[in-house]
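Shown next, in structure tokens, is the structure this report addresses.
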Amino acid sequence: MQIEQDDVRFRGGLRGGETLGSPICIWIRNRDFENWQEVMDPLEIDAAKAEQRRLRSPRPGHADLAGGLKYRRRDLRDVLERASARETAARVAAGAIAKQLLARFGVEISSGVRSLGPIGLDRPVPAWDQLSAMNDESPLRAIYPGLEQEMVELVDRTKQEGETLGGSVTVIAHNVPIGLGSHVQWSEKLDGRIAQAIMSVPAVKAVEIGSAIEASSGFGSLAHDPIAFNQDVGWQRSSNRAGGTEGGITNGQDVVVTAYMKPISTLSRGLPSVDLDTMEERLSQYERSDVTALPAAGVIAEAMLALVLADALLEKLGGDSLSEMEAHWASTQQLQHDWPNC
Ligand SMILES: Cc1cc2nc3c(=O)[nH]c(=O)nc-3n(C[C@H](O)[C@H](O)[C@H](O)COP(=O)(O)O)c2cc1C
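Per the working numbering, residue 85 is the first one in the sequence shown, and the count goes up by one each step.
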């Protein structure tokens with residue numbers, strides 16, 4: 085929300101800008117909390133006011149009904165507040181730290197909106213050059229700038245109709261080393277780990293690695309990336325349809341992930357639901373809500389990819405300090421160069 089400044093305060097784990105190994109504690113104040121203190125205070129609340137603001141008709145597409153049933157909450161606000169995507173601000177802050185670690189090893193991450201509603205779905209999976217050339221200040225962070233005006237107009241029209249929109253965002257990690265993740269155990273496969281992390285972003289309902297959707301409808305000869313070797317450059321691939329992983333291991337190509345987001349569930353005109361007090365039909369309650377959250381979802385997806393890749397990099401390199409990681413990094417680069425004569 086516009087009122088949130090999202091300035092980050094460090095409360096622990098750092099000294100003079102350096103990590104100490106202890107858990108890093110980051111504090112992001114929620115300014116809107118001031119407007120809710122009387123009904124959301126951890127210890128004392130105004131029962132009459134809480135009743136007035138009680139959420140009692142669950143919103144289809146949200147955790148309201150399932151979470152209320154599971155945790156036996158009479159006020160569905162207890163579910164709504166924690167299920168809110170506001171929680172992802174913390175992931176973005178933590179992801180920023182993971183990105184700094186990755187940057188020490190040359191890895192960069194960027195994202196953008198690939199499609200909004202039906203606009204852009206026919207465009208190919210973007211490559212790193214397109215993402216890095218993207219204007220981060222543009223209203224929708226669209227990867228294809230030519231589509232942005234049409235997208236903005238669609239958002240405006242959709243808002244007037246009390247409707248919402250979904251779409252897709254592509255996130256790419258560039259300069260990823262060969263060998264993150266592993267084929268030896270299902271839980272170590274990097275594509276699976278990425279899919280879990282990206283799918284955990286609220287409202288993301290499908291995850292595509294590389295050009296998987298297009299490849300699934302064609303022949304194998306058009307789905308894979310030819311292998312070549314060049315004495316000066318090393319291993320080369322003339323395409324990156326696999327999106328940077330084969331067998332759950334990074335192959336040195338960019339890691340390309342597209343997240344598909346469902347349309348926002350809170351419609352200003354409401355959706356069919358039930359009043360928990362009367363158990364009769366009632367439209368779902370409206371809470372202040374966006375028409376679409378795609379531009380923000382891209383930023384969250386960047387953070388999630390950074391966390392997964394930083395984890396995998398730590399697994400590969402080990403060590404208790406950056407200098408130990410860097411020393412191991414140098415030897416793995418040399419070993420990769422020597423392979424298969426090693
Ligand atoms: C950045 C972001 C902002 C969101 N904003 C809203 C919103 O304003 N209103 C809403 O109903 N859902 C919003 N969502 C989606 C809900 O959080 C999500 O649909 C809900 O928690 C149910 O989870 P699920 O869709 O993953 O099953 C947002 C999601 C993201 C990633």
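Glycine included, every Cβ here is placed at the ideal spot set by N, Cα and C. A quick note: this is a predicted structure, and the numbers were derived from the prediction, not measured.
(message) Can you tell me whether M363 is buried or exposed? The criterion is at least 16 other CB atoms within 10 Å of its CB, across all chains shown.
(response) If you draw a 10 Å sphere on the C-beta of M363, you find fewer than 16 other C-beta atoms in it, and that means exposed.
(request) May I ask which residues mark the beginning and end of the beta strand (DSSP E) holding A290? (result) In the DSSP assignment, A290 falls within the beta strand (DSSP E) that extends over 288-293.
(request) Please determine, among L139, S195, A299, G201, the residue with the shortest C-alpha to C-alpha distance to V255. (result) S195
(request) Identify every run of the beta strand (DSSP E) within the region 340-377, keeping only runs that are complete inside it and at least 3 residues long; order them along the chain. (result) 356-358, 365-367
(request) Tell me whether H146 counts as near ligand 1, meaning its Cβ is closer than 6 Å to at least one heavy atom of that ligand. (result) yes
(message) Between D374 and ligand 1, is there a pair consisting of the residue's CB and a ligand heavy atom that are separated by less than 6 Å?
(response) yes
(message) Here's a check: name, in chain order, each residue in its chain whose Cβ is nearer than 8 Å to the Cβ of W212, leaving out the five neighbours to either side.
(response) S194, I256, H258, D338
(request) Ignoring anything shorter than 4 residues or poking outside the region 149-218, list the alpha helix (DSSP H) runs there in chain order. (result) 161-167, 172-187, 212-216
(message) Let's see if you can read the secondary structure: which residues bound the beta strand (DSSP E) around Q320?
(response) 318-321
(message) So, under 8 Å CB-CB, T172 and V285 are touching, yes? Tell me the CB distance rounded to an integer number of Å.
(response) 7 Å
(request) Taking only heavy atoms of ligand 3 into account, decide whether any of them is closer than 6 Å to the Cβ of I348. (result) Ligand 3 is not part of this structure, which contains only ligand 1.
(message) Let's see if you can read the secondary structure: which residues bound the alpha helix (DSSP H) around W413?
(response) 406-422
(message) Assuming the contact rule is C-beta atoms closer than 8 Å, G294 and N324 should be a hit. Round their C-beta distance to whole Å, please.
(response) 7 Å
(request) May I ask you to report which of helix, strand or coil DSSP gives N314? (result) Strand, per DSSP.
(message) Let me confirm a value: G105 is counted as buried when at least 16 other C-beta atoms fall within 10 Å, else exposed. Which label applies?
(response) exposed
(message) Need the endpoints of the beta strand (DSSP E) that I256 sits in, please.
(response) 251-258
(request) Could you tell me the boundaries of the beta strand (DSSP E) in which I112 lies? (result) Segment 109-112, the beta strand (DSSP E) holding I112.
(request) Mind reading off the beta-carbon distance from V253 to V197? Whole number of angstroms is fine, and I expect it under 8 Å. (result) Contact flag correct, Cβ pair sits at about 6 Å.
(request) Using three-state DSSP, classify I333 as helix, strand or coil. (result) strand
(message) Using a Cβ distance threshold of 8 Å, determine whether the region 364-379 contacts the region 232-249, with at least three qualifying pairs required.
(response) yes
(request) Report the residue from E135, R188, G179 whose alpha carbon sits nearest the alpha carbon of L410. (result) Looking at the sequence itself, residue 410 is Glu, so the reference to Leu does not match. The closest CA to that of E410, considering only E135, R188, G179, is found on R188.
(request) Would you kindly check if the distance between the Cβ of G328 and the Cβ of D275 is under 7 Å? (result) no
(message) I want to check one thing, is the minimum distance from the CB of A257 to the heavy atoms of ligand 1 below 6 Å?
(response) no
(message) Can you tell me whether T248 is helix, strand or coil according to DSSP?
(response) coil
(request) Would you check if the distance between the CB atom of T191 and the CB atom of V291 is smaller than 7 Å? (result) The amino acid occupying residue 191 in the given sequence is Val; Thr does not appear at that position. Not a contact, by the Cβ cut-off of 7 Å.
(message) Rounded to the nearest angstrom, what separates P208 and G304 at their Cα positions?
(response) 18 Å
(message) Considering just the uninterrupted stretch of the beta strand (DSSP E) at V92, what are its terminal residues?
(response) 92-96
(message) Let me check you understand the geometry: is the CB of A182 closer than 6 Å to at least one non-hydrogen atom of ligand 1?
(response) no
(request) Since I believe I227 is in contact with L215 (beta carbons under 8 Å), could you give me their beta-carbon distance rounded to a whole number of angstroms? (result) 6 Å
(message) Is the beta carbon of V358 closer than 7 Å to that of I278?
(response) Cβ atoms of I278 and V358: not closer than 7 Å.
(request) From the DSSP output, in three-state form, read off R137 for me. (result) Residue state, collapsed to three classes: coil.
(message) Can you check which of these residues, R138, R166, R113, is closest to L360 by C-alpha distance?
(response) For the set R138, R166, R113, the Cα lying nearest the Cα of L360 is the one of R138.
(request) Tell me whether Y344 is buried or exposed, calling it buried when 16 or more other Cβ atoms sit within 10 Å of its Cβ. (result) Y344 comes out buried.
(request) Taking I262 as part of the alpha helix (DSSP H), name the residues at either end of that continuous run. (result) No alpha helix (DSSP H) contains I262, which DSSP labels as neither H nor E.
(message) For Q280, report the span of its alpha helix (DSSP H) as first-last.
(response) 274-283
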